[in-house]
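Participant:
Residue numbers (our numbering): 5 to 148.
1) Please give the ranges of any alpha helix (DSSP H) in the stretch 30-94, keeping only runs that are unbroken, at least 4 residues long and fully inside the region.
2) What do you get for residue 74, buried or exposed, if any count of 16 or more other CB atoms within 10 angstroms of its CB means buried?
3) With which residues is residue 99 paired in a DSSP beta bridge?
4) Rounded to whole angstroms, what's the CA-CA distance from residue 3 to residue 25? Just pull it up for me.
5) Find the nearest neighbour of residue 50 within the set 84, 142 and 130, judged by alpha-carbon distance.
6) Count the other C-beta atoms from every protein chain shown that fall within 10 angstroms of the C-beta of residue 110, then say buried if there are 16 or more, exposed otherwise.
7) If you count every other CB in all the chains shown that lies within 10 Å of the CB of residue 64, and 16 or more means buried, which is it?
8) For the alpha helix (DSSP H) holding residue 127, just list the boundary residues, first then last.
9) Assign residue 142 to one of two classes, buried (16 or more other C-beta atoms within 10 Å of its C-beta) or exposed (fewer than that).
10) How close, in whole Å, do the beta carbons of residue 100 and residue 130 come, if the pair is a contact with beta carbons under 8 Å?
11) Suppose contacts are defined by Cβ-Cβ distances below 7 Å. Is residue 55 in contact with residue 124 by that definition?
12) Tell me whether residue 14 sits in a helix, a strand or coil according to DSSP, three-state version.
13) Leaving out five residues before and five after residue 42 in sequence, what residues of the same chain have Cβ atoms less than 6 Å from its Cβ?
14) When DSSP labels each residue in this structure, what does residue 26 get in the three-state scheme?
Structure below.
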């Protein structure tokens, strides 16, 4: 009898993006080839993100995260994932991968013109101590 791989990876895109863009399909296929359940979430109306709708989408798709759950987020998805994890009540997570995150307006990035990043970020309740307790091994990669 073959044992099912317990790992679940959820890939959350960011502002004005979709699951079909960037490196998201590649990552999903690489994980699935290794027998890992990987899912690219489609966040609603990514050109006009609504904090509550994005949280509801994650709650519905992910359910209760656990030590076999890995959350991978890009761009505005990083703020969303950190809030979700902080509020989930999970004791442990398999991991959190944050790519190109930010928490406020980025000068010179016209893509965000017309979107109030600060208001979105202000809605997030991110508890760093809770995140660290859930996923105690932290690796920081900063590209310059």
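From the three backbone atoms N, C-alpha and C, an ideal C-beta is built for every residue, glycine too.
Facilitator: Let me spell this out:
1) Segments of the alpha helix (DSSP H) lying fully in the stretch 30-94: 55-66 and 80-91.
2) buried
3) Beta-bridge pairing links residue 99 to 74.
4) The shown model of the chain, from 5 to 148, leaves out residue 3, and the question about it has no answer.
5) 84
6) exposed
7) Per the 10 Å Cβ criterion, exposed.
8) 121-127
9) exposed
10) In fact, because the Cβ distance is near 11 Å, the residues do not count as touching under 8 Å.
11) Against a cut-off of 7 Å, the Cβ pair of residue 124 and residue 55 comes out as a contact.
12) strand
13) 13, 32, 35 and 36
14) The answer is coil: DSSP assigns residue 26 none of H, G, I, E or B.
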